[in-house]
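Undergrad: My questions will all concern the structure given below.
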Amino acid sequence: MFTLQQIVDAPPTEVVRAFTEPEPFAAWFVAEGFSTPSDRVTIDVRPGGLISAVFVAADGTEVPFTLRFGELDLPHHLALRFDQPAEEITVDLTALADGRTRLDYRSVGLSDEQQVPIESGVATMLGHLAAYFTQ
227 MFTLQQIVDA
237 PPTEVVRAFT
247 EPEPFAAWFV
257 AEGFSTPSDR
267 VTIDVRPGGL
277 ISAVFVAADG
287 TEVPFTLRFG
297 ELDLPHHLAL
307 RFDQPAEEIT
317 VDLTALADGR
327 TRLDYRSVGL
337 SDEQQVPIES
347 GVATMLGHLA
357 AYFTQ
């Protein structure tokens, strides 16, 4: 299990778009050495709905992936699940008095071996998410 926190310079109603709309999702959900083209992202926002996307490397290598939505209480809470590797994710968005959002990200289900690289990658992605809202 790991938890991460990120402060984002936007209200929860805007930050949640980074999980529910292809263009903002593609801007932050990228692995090192890859891009996530927004035209290769589909998002079905409902419990049981899927986020389907593809990481694309400069050499053309493609890595498709899906996440499944669980419990949703938008714009404040999302639950997501990866099947490979098996990982349960919760994201809580809390409005701060200054108009920003505190994003709390919690992951459970990864092995100790999987956790270190995934936690590092997610921390980088959350930095991309924060940067998206400062452009």
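Under my numbering, the letters of the sequence shown match residues 227 to 361, in that order.
Beta carbons: idealized from backbone N, C-alpha and C, even for Gly.
Quantities reported herein were computed from a predicted structural model and do not represent experimental measurements.
1) Which value, in whole angstroms, describes the spacing of the CA atoms of Ile269 and Leu304?
2) Checking 7 angstroms against the spacing of the C-beta atoms, do Glu314 and Gly347 come in under that value?
3) Checking the sheet assignment: what are the DSSP bridge partners for Arg307?
4) Considering just the uninterrupted stretch of the alpha helix (DSSP H) at Ser346, what are its terminal residues?
5) Kindly list the residues whose CB is nearer than 7 angstroms to the CB of Ala321, restricted to its own chain and excluding five residues on each side of it in sequence; keep chain order.
6) Give a yes or no on whether 7 angstroms exceeds the smallest Cβ distance from Leu322 to chain C.
7) Just how far apart, CA to CA, sit Ala283 and Val256?
8) Name the DSSP beta bridge partners of Gln232, please?
9) Are the CB atoms of Phe295 and Pro273 nearer to each other than 7 angstroms?
10) For Met351, does the count of other Cβ atoms within 10 angstroms reach 16, so buried, or fall short, so exposed?
11) Buried or exposed: Ile233, going by 16 or more other Cβ atoms within 10 Å of its Cβ?
12) Mind pulling the alpha helix (DSSP H) runs of 4 or more residues that sit fully within the region 228-289?
13) For Val241, count the other beta carbons within 10 Å of its own beta carbon; 16 or more makes it buried, fewer makes it exposed. Which is it?
TA: Judging by the given coordinates:
1) The residue you call residue 269 lines up with position 43 of the sequence shown. The residue you call residue 304 lines up with position 78 of the sequence shown. Taking the straight line joining both Cα atoms gives about 13 angstroms.
2) Here residue 314 refers to the residue found at position 88 when the sequence shown is read from its first residue. Here residue 347 refers to the residue found at position 121 when the sequence shown is read from its first residue. Their beta carbons are not under 7 angstroms apart, which means Glu314 does not touch Gly347 by this criterion.
3) Here residue 307 refers to the residue found at position 81 when the sequence shown is read from its first residue. In the DSSP output, where bridge partners are listed per residue, Arg307 has Arg294, Glu314.
4) Position 120 of the sequence shown, counting from 1, holds the residue named residue 346. Counting along the chain, Ser346 sits inside the alpha helix (DSSP H) bounded by residues 338-358.
5) Locating residue 321 in the sequence shown gives position 95, where the first residue counts as 1. Closer than 7 angstroms at Cβ, skipping near neighbours: Pro237, Pro238, Thr327.
6) No chain C is part of this structure, which consists of one protein chain only.
7) Here residue 283 corresponds to residue number 57 of the sequence shown, with the count starting at 1. Here residue 256 corresponds to residue number 30 of the sequence shown, with the count starting at 1. Rounded to the nearest whole angstrom, the CA to CA distance from Ala283 to Val256 is 10 angstroms.
8) Position 6 of the sequence shown holds residue 232. In DSSP, Gln232 forms a bridge with Leu329.
9) Counted from its first residue, the sequence shown places residue 295 at position 69. Counted from its first residue, the sequence shown places residue 273 at position 47. Between Phe295 and Pro273, the CB-CB gap stays under 7 angstroms.
10) Locating residue 351 in the sequence shown gives position 125, counting from the first residue. Buried, because 16 or more other Cβ atoms sit within 10 Å of the Cβ of Met351.
11) For the purposes of this step, residue 233 is identified with residue 7 of the sequence shown, where counting begins at 1. Ile233 counts as exposed, since fewer than 16 other C-beta atoms from the protein chains shown sit within 10 angstroms of its C-beta.
12) Taking only runs of at least 4 residues, the alpha helix (DSSP H) segments lying wholly in the region 228-289 are 238-241, 243-246, 248-254.
13) In the sequence shown, the residue the question calls residue 241 occupies position 15. By the C-beta density criterion, Val241 is buried, having at least 16 other C-beta atoms within 10 angstroms.
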